[in-house]
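Colleague: In order, the protein sequence lines correspond to chains A and B.
All residue numbers for the first sequence refer to this note's numbering, where the first residue is 890 and numbers rise by one.
All residue numbers for the second sequence refer to this note's numbering, where the first residue is 206 and numbers rise by one.
Just so it is clear, CB atoms sit at the ideal spot from N, CA and C, and this is done for glycine as well.
Quick caveat, the model's predicted, so the values are computed rather than measured.
If you scroll down you'll find the structure; I have some questions about it.
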Amino acid sequence: MNDPNTPPLIPKPAFAGPPSGLPAPPPLGSSPDEQAPIPGVVAAIESILRQPRRVMYQLRQAGSNRLIAGMVLVAVLCSIIYGVVVGAFSGGTQLWAAPAKVAAGLLISALICLPSLYIFACLSGSQARLVEVAGLVAGLTMLMTILLIGFAPVAWVFSQSTESVTAMGTLHLAFWFIATYFGLRFLNAGFSAHEDRSGGGIKVWMAIFILVMLQMTTAVRPLIGTADTLLPTEKKFFVTHWMDCLKQNYDSESGRRAAQTR
Amino acid sequence: MSALSANVEQFPDLLRGDPDALKDWAHRWQGARVLGYVAVIFIGAGLYGAAMGWWRSPTQAGFNLIKFPLVILLITLGNALLNGMLAPLLGLNLRFRQSLMLVLMSFTIAAAILGAFAPIIFFIIWNTPSLARQTQVPWAAYNFVQLTQVVIIAFAGTAANVRLLRLLQALGGSTQVARRVLFAWLGGNLFLGSQLCWILRPFIGSPALPVEFLRSDALEGNFYESVVRAVLNLLSS
């Protein structure tokens, strides 16, 4: 009998298909737990954390649209809540602008990347239908954002006790990377269960998705600090933007230390 | 009253970290037990904090009586949601309340150990020249007290986490999964804990500065920025 405390296994390597030499995971729906319907959003949140294969199985069933819509709704709500924490650093306009930008940025990134994921999945030999791929992306965004909610109290404590935009940006980025890691692990497990022959295509898509999301943070800036306009007037690559922020931080730090020395 | 006496009777089992007993307690969320743990944290960590603060002044000791347990409880609550999510994602299917209970148990063990060392710290402080009457920091004494604190806190933390690891192993059946969950929890707790200690400073306090519950700049800057700043200052000097 299975230990009730041991969740169903997710195939091991984070960003690759089932490795050669290790046994392939059992087919989806092989356990009665996985076949149990997911009645609402709370059950969807529970399942994606504890029984990810149940979500994957339900996405294959007819009428999975409701589950997908529920997961998107949770992702939007959670990103709005996390956005409020992001905006709390600067306050004022950012209290509503940051949540809107975080939620819109996440949804737009997912939508932009969805067609390429479907193509990469087909190229990798996956049998997944478009609706299932959309469901896996919805699951990815939901898992990412509920994890961000877990980080929200920590982020809030820091946002109230620092004035450095760079420090806050680094912190949010670190939380985002951890959340994205788990989200992409779910997506990868979903494709492994869809008899994806090689994980190569999915790996490339994951890199693209990460780049798109990172660029989105620059495209909708400012998310943390303030600016004269709601959206940027100058176009920048995210690496350039980060370098500019670091330089600005270094200059102000040098100025502060020079003033202290005087 | 019976719940309280049951709590007291079961306390040695908690300190021994007997996985069979603790497994059962982790599965059942009981208000009286949780209150008992919170009380142990307030008494144990509070007394230790007071002993630490006594070196600066009795007022600082009084402040620490509240602040030290507060740090522990705020870490537990602040990371509760995150810890509850990380456990199943890392392979241990704990419910939210179970993960909260496990972290609380581990902090209770640490607080009990700290509380037990509080008289020794009081004794060391009693034998050390008081900071309050100094115009210059007595560095030898300061370093000795600091080192003693580090050793005791490290011992309490290690003992509590060894018990937590054993319990996680018993719950999940795998050493690898238990280690993964423990290190993820530890990472999060240390990260938030450092910042909470920074906000709630001073715990001892410089003799040149007044005794306060919180510094007026408590919410300015963060622990990690100050570390980076110190390193930069060191490199540029």
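Would you say F396(B) faces chain A, with C-beta separation under 8 Å as the test?
Modeller: With 8 Å as the cut-off, F396(B) counts as an interface residue toward chain A.
Colleague: Under 8 Å, Cβ to Cβ, is there at least one residue of chain A near Q374(B)?
Modeller: Closer than 8 Å: no.
Colleague: At least one CB of chain B closer than 8 Å to the CB of F1040(A): is that the case?
Modeller: So, interface residue.
Colleague: Quick check on DSSP: helix, strand or coil for Q1073(A)?
Modeller: In the sequence as displayed, the identity of residue 1073(A) is Leu instead of Gln. Note: L1073(A) maps to helix in three-state DSSP.
Colleague: Can the beta-carbon of W1045(A) be found less than 8 Å from the beta-carbon of A977(A)?
Modeller: Cβ atoms of W1045(A) and A977(A): closer than 8 Å.
Colleague: Does the beta-carbon of N891(A) have 16 or more other beta-carbons within 10 angstroms, so that it is buried, or is it exposed?
Modeller: Residue confidence is low: N891(A) scores 46 on pLDDT, short of 50, so the model does not pin down where it sits. Its coordinate-derived value is still stated next. By the neighbour-count rule (16 or more Cβ atoms within 10 Å), N891(A) is not buried but exposed.
Colleague: Label G929(A) either buried or exposed according to how many other C-beta atoms from any shown protein chain fall within 10 Å of its C-beta, with 16 as the threshold for buried.
Modeller: Exposed, because fewer than 16 other Cβ atoms sit within 10 Å of the Cβ of G929(A).
Colleague: At a Cβ threshold of 8 Å, is L1036(A) touching chain B?
Modeller: Yes, contact with chain B.
Colleague: Once the 5 residues before and after S1005(A) are set aside, which same chain residues still bring their CB inside 7 Å of it?
Modeller: For S1005(A), where only same-chain residues beyond five positions count, the Cβ hits under 7 Å are W1094, I1097.
Colleague: Check whether the stretch 931-940 of chain A and the stretch 283-300 of chain B touch, using three or more Cβ-Cβ pairs below 8 Å as the test.
Modeller: Touching, yes.
Colleague: Just reading off the alpha helix (DSSP H) that R384(B) is part of, what are its end residues?
Modeller: First-last of the alpha helix (DSSP H) with R384(B): 380-404.
Colleague: Using 8 Å as the Cβ pair cut-off and three pairs as the minimum, do the stretch 993-1008 of chain A and the stretch 1096-1114 of chain A touch?
Modeller: Verdict: yes, contact present.
Colleague: Between the C-alpha atoms of A226(B) and I280(B), what's the straight-line distance to the nearest angstrom?
Modeller: Rounded to the nearest angstrom, the two C-alpha atoms are 25 Å apart.
Colleague: Ordered along the chain, which non-local residues of its own chain (more than five positions away) have a Cβ less than 6 Å from that of G959(A)?
Modeller: Excluding positions up to five away in sequence, the list reads V930, A933.
Colleague: For E1021(A), count the other beta carbons within 10 Å of its own beta carbon; 16 or more makes it buried, fewer makes it exposed. Which is it?
Modeller: It is buried - the Cβ of E1021(A) has at least 16 other Cβ atoms within 10 Å.
Colleague: Using beta carbons (cut-off 8 Å, strictly below), is A1056(A) in contact with chain B?
Modeller: By this cut-off, A1056(A) is an interface position.
Colleague: Look at the alpha carbon of I409(B) and the alpha carbon of A321(B), and state the distance between them as a whole number of angstroms.
Modeller: Near 20 Å, if we compare the C-alpha coordinates of A321(B) and I409(B).
Colleague: Examine chain B for any beta-carbon lying closer than 8 Å to the beta-carbon of R942(A), and answer yes or no.
Modeller: No, its Cβ sits nowhere closer than 8 Å to a Cβ of chain B.
Colleague: Cβ of V1043(A) less than 8 Å from any chain B Cβ?
Modeller: Yes - at least one Cβ of chain B is within 8 Å of the one on V1043(A).
Colleague: CA-CA distance, Q374(B) and A435(B)?
Modeller: About 40 Å.
Colleague: With 8 Å as the limit, tell me which residues of the stretch 1061-1073 of chain A have their beta carbon closer than that to any beta carbon of chain D; keep them in chain order.
Modeller: Among the chains of the structure shown, chain D does not appear; the protein chains present are A and B.
Colleague: Would you grab the beta carbon distance between F1075(A) and S1015(A) for me? Rounded to a whole angstrom, and I think it's under 8 Å.
Modeller: Not a contact, Cβ separation roughly 15 Å.
Colleague: Between T1030(A) and chain B, is any beta-carbon pair separated by less than 8 Å?
Modeller: Judged by the 8 Å Cβ criterion, T1030(A) is not in contact with chain B.
Colleague: Using alpha carbons as the reference points, say which of W1131(A), S1053(A), G1058(A) lies closest to D1145(A).
Modeller: The residue you asked about is not Asp; residue 1145(A) is Arg in the sequence shown. Selected option, being the one with the closest Cα: S1053(A).
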